[in-house]
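Peer 1: Numbering (my numbering), first residue to last: 4 to 497. From the three backbone atoms N, C-alpha and C, an ideal C-beta is built for every residue, glycine too. Here you go, one structure.
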Ligand code: DMJ
């Protein structure tokens, strides 16, 4: 496959050949800046491994079809590890050949099946899709006596069932989805403020958990809004919008939000604005993506207001790179600077929302981290890029942004960096029964953990496959994915 895409080399650039029509180029207008040019502008740092980063290295053009085959092979390697060892359980522990209950110990929801289904469909694995549909339609119990995490259930299972229904047209999957959503709904409707409780018992409807991270307040409008559209029942969308209104009414005079809020009295319990880091990350993502999916001007206008404030108050430069600091929402005073890898999705979101320059710059910041640690650490200190948390949970956020930026610009640099990300994971995190998390990305050989999180099937390999495959089942101009990588718009027949 030629040179490692991030290895220092000679000058020049690969061409972006054969890509699907880029979307929304016009919408981005003058803000659009070539990512290759932006990469070339990386400031040199004291870190030896970044030497030469100022000039973009030459790379051999990637053979898209061959790369797509490699990605599919790795997906199936992981998938059959799960099928053979943990079928019907939430997740596989690929090293010990064990199983993991993601939601509640002793209960299974077949999480990896719901996570993988639409990726299998895009890859043309129709036999596996049938097997997954049969399990979700006949085996999944959505009325278990279990206190489940509402946010996790919505983005993984409700979203998974919706995407499965859209991919296959099977009504039974929409029925399962609706049944599950009905059992989650008390978390919203029992709340005096509209801010959802964090947990609900699927059998009894009893709610618990009133200290709610911002992401859990607002990462549901894509799934609930679409469900309302598909069923003609507005109650799901209405519940989401009530939750949004509750926090938007409590924003600071600087248009910033806190980190956690109490569902019963509406008071902030942790006040720092830490966007785009967890646990607030996807709150912002869903204002834009929900607005796009549902054609909802209110959501898009909230996105604009909050994003302008985040860019004004939290964006800062460190080592010539763009990062986002933690601030006091009332005064804008700085309160910290650690960056979570989970925030890397924000590069793509900023670009999709019209801030292409900032999106490209933030992607470049994370690409510099990738040059130091080919498998990204969970957390870094922007000063010197030292790892603040050395694990990696098979995270998808960087390659989520590669996909978004490639889709918007068609520039080959996003393919090259995505491929580098993929090959590093293959080199370090591949095990006999699939792929596993790392507990320390700085060690060689890499110190590994023992889990394949569901999002590995839903996100990483889907973004990668879509970038390289020219997938005939995906509409590259209209496609919209949820925070969990579920295709909620844009399946093509075939
Ligand atoms: C995924 O479940 C989703 O992307 C979510 O929004 C945050 N993080 C995980 C993967 O890192």
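Please list the segments of the beta strand (DSSP E) lying wholly inside the region 105-168, counting only runs of 3 or more residues, in order along the chain.
Peer 2: Counting only runs of 3 or more, we get 150-152.
Peer 1: The alpha helix (DSSP H) with residue 301 in it runs from where to where?
Peer 2: Where residue 301 is concerned, the enclosing alpha helix (DSSP H) stretches over 300-316.
Peer 1: So what's residue 24 in DSSP terms, helix, strand or just coil?
Peer 2: Residue confidence is low: residue 24 scores 40 on pLDDT, short of 50, so the model does not pin down where it sits. Its coordinate-derived value is still stated next. Of the three classes helix, strand and coil, the one that applies to residue 24 here is coil, per DSSP.
Peer 1: Counting beta carbon pairs with one atom in the region 92-109 and one in the region 63-79, are three or more of them shorter than 8 angstroms?
Peer 2: Taking 8 angstroms as the limit for Cβ pairs, the verdict is that the region 92-109 does not touch the region 63-79.
Peer 1: In terms of alpha-carbon separation, which member of 453, 81 and 241 lies closest to residue 188?
Peer 2: If we check each option's Cα against that of residue 188, 241 comes out closest.
Peer 1: Taking the alpha helix (DSSP H) that residue 429 falls in, what are its first and last residues?
Peer 2: 415-432 is the span of the alpha helix (DSSP H), which, as asked, contains residue 429.
Peer 1: One question on the structure: do residue 282 and residue 216 come within less than 8 angstroms of each other, judged by their Cβ atoms?
Peer 2: Result yes, Cβ atoms of residue 282 and residue 216 sit closer than 8 angstroms.
Peer 1: Name the residue from 495, 487, 399 and 497 whose alpha carbon lies nearest to the alpha carbon of residue 222.
Peer 2: If we check each option's Cα against that of residue 222, 487 comes out closest.
Peer 1: Which residues share a DSSP beta bridge with residue 451?
Peer 2: DSSP lists 441 as partners of residue 451.
Peer 1: How is residue 202 classed by DSSP in three states: helix, strand or coil?
Peer 2: Strand at residue 202.
Peer 1: With DSSP as the reference, please indicate the residues paired to residue 327 in a beta bridge.
Peer 2: For residue 327, which the question treats as bridged, DSSP gives the partners 318.
Peer 1: Starting from residue 189, trace the alpha helix (DSSP H) in both directions and tell me its first and last residue.
Peer 2: Per DSSP, residue 189 belongs to the alpha helix (DSSP H) from 189-192.
Peer 1: Output yes or no for whether 8 angstroms exceeds the beta carbon distance between residue 374 and residue 162.
Peer 2: No.
Peer 1: Output yes or no for whether 8 angstroms exceeds the beta carbon distance between residue 259 and residue 199.
Peer 2: Contact: no.
Peer 1: Residue 206: which of 183, 193 and 383 sits nearest, CA to CA?
Peer 2: Checked all of 183, 193 and 383; the closest Cα to residue 206 is 183.
Peer 1: Within this structure, are the beta carbons of residue 482 and residue 408 separated by less than 8 angstroms?
Peer 2: No, the pair does not count as a contact, with Cβ atoms beyond the cut-off.
Peer 1: Measuring CB to CB, does residue 477 end up less than 8 angstroms from residue 469?
Peer 2: It is a contact, given that the beta carbons lie within the stated cut-off.
Peer 1: Say yes only if the C-beta of residue 284 is nearer than 7 angstroms to one or more non-hydrogen atoms of the ligand DMJ, and no if none qualify.
Peer 2: Residue 284 Cβ: within cutoff of the ligand DMJ.
Peer 1: Expressed to the nearest angstrom, what Euclidean distance is found between the alpha-carbon atoms of residue 144 and residue 112?
Peer 2: Residue 144 and residue 112: Cα-Cα distance of roughly 7 angstroms.
Peer 1: For the region 392-400 and the region 443-461, state whether three or more C-beta atom pairs, one from each stretch, are separated by less than 8 angstroms.
Peer 2: Verdict: yes, contact present.
Peer 1: Note down, in chain order, each residue of its chain lying with its Cβ closer than 8 angstroms to the Cβ of residue 311, except the 5 sequence neighbours on either side.
Peer 2: Same-chain partners within the cutoff: 258.
Peer 1: Any heavy atom of the ligand DMJ closer than 7 angstroms to the CB of residue 345?
Peer 2: For the ligand DMJ, at least one heavy atom lies less than 7 angstroms from the Cβ of residue 345.
Peer 1: Could you have a look at residue 63 and say whether DSSP puts it in helix, strand or coil?
Peer 2: Residue 63: coil per DSSP, three-state reduction.
Peer 1: Short of 8 angstroms in beta carbon distance, which residues of its chain neighbour residue 491, apart from the five on each side in sequence? Order them along the chain.
Peer 2: Counting only Cβ-Cβ distances below 8 angstroms, and skipping sequence neighbours, we find 162, 165, 166, 169, 225, 226, 229, 296, 483, 484 and 485.
Peer 1: For residue 384, write down the residues that DSSP places opposite it in a beta bridge.
Peer 2: Beta-bridge pairing links residue 384 to 389.
Peer 1: Report buried or exposed for residue 179, applying the criterion of at least 16 other Cβ atoms within 10 angstroms of its Cβ.
Peer 2: By the neighbour-count rule (16 or more Cβ atoms within 10 Å), residue 179 is buried.
Peer 1: Between residue 353 and residue 361, is the Cβ-Cβ spacing less than 8 angstroms?
Peer 2: In this structure, residue 361 lies closer than 8 angstroms to residue 353 by Cβ.
Peer 1: Inspect the beta-carbon positions of residue 423 and residue 378 and report whether they are closer than 8 angstroms.
Peer 2: For residue 423 and residue 378, no; Cβs fall outside 8 angstroms.
Peer 1: Which whole-angstrom value describes the C-beta separation of residue 342 and residue 385, a residue pair presumed to lie in contact below a C-beta threshold of 8 angstroms?
Peer 2: With a Cβ gap of about 6 angstroms, residue 342 and residue 385 count as contacting.
Peer 1: Taking only the alpha-carbon atoms, compute the straight-line gap between residue 139 and residue 176 and give it to the nearest angstrom.
Peer 2: Between residue 139 and residue 176, the C-alpha separation is close to 7 angstroms.
Peer 1: Can you give the beta carbon distance from residue 275 to residue 329, rounded, assuming they're within the 8 angstroms contact cut?
Peer 2: The pair is a contact, with the Cβ atoms about 5 angstroms apart (cut-off 8 angstroms).
Peer 1: Regarding residue 291 and the ligand DMJ, is the C-beta to nearest heavy atom distance less than 7 angstroms?
Peer 2: Residue 291 Cβ: outside cutoff for every heavy atom of the ligand DMJ.
Peer 1: So, are the CB atoms of residue 402 and residue 466 less than 8 angstroms apart?
Peer 2: Yes, the Cβ-Cβ distance between residue 402 and residue 466 is below 8 angstroms.
Peer 1: Among all the DSSP beta bridges, which residues are the ones paired with residue 337?
Peer 2: Its beta-bridge partners are 330.
Peer 1: Take the Cβ of residue 174 as the centre, count every other Cβ of all protein chains shown within 10 Å, and call the residue buried at 16 or more, exposed below.
Peer 2: Exposed.
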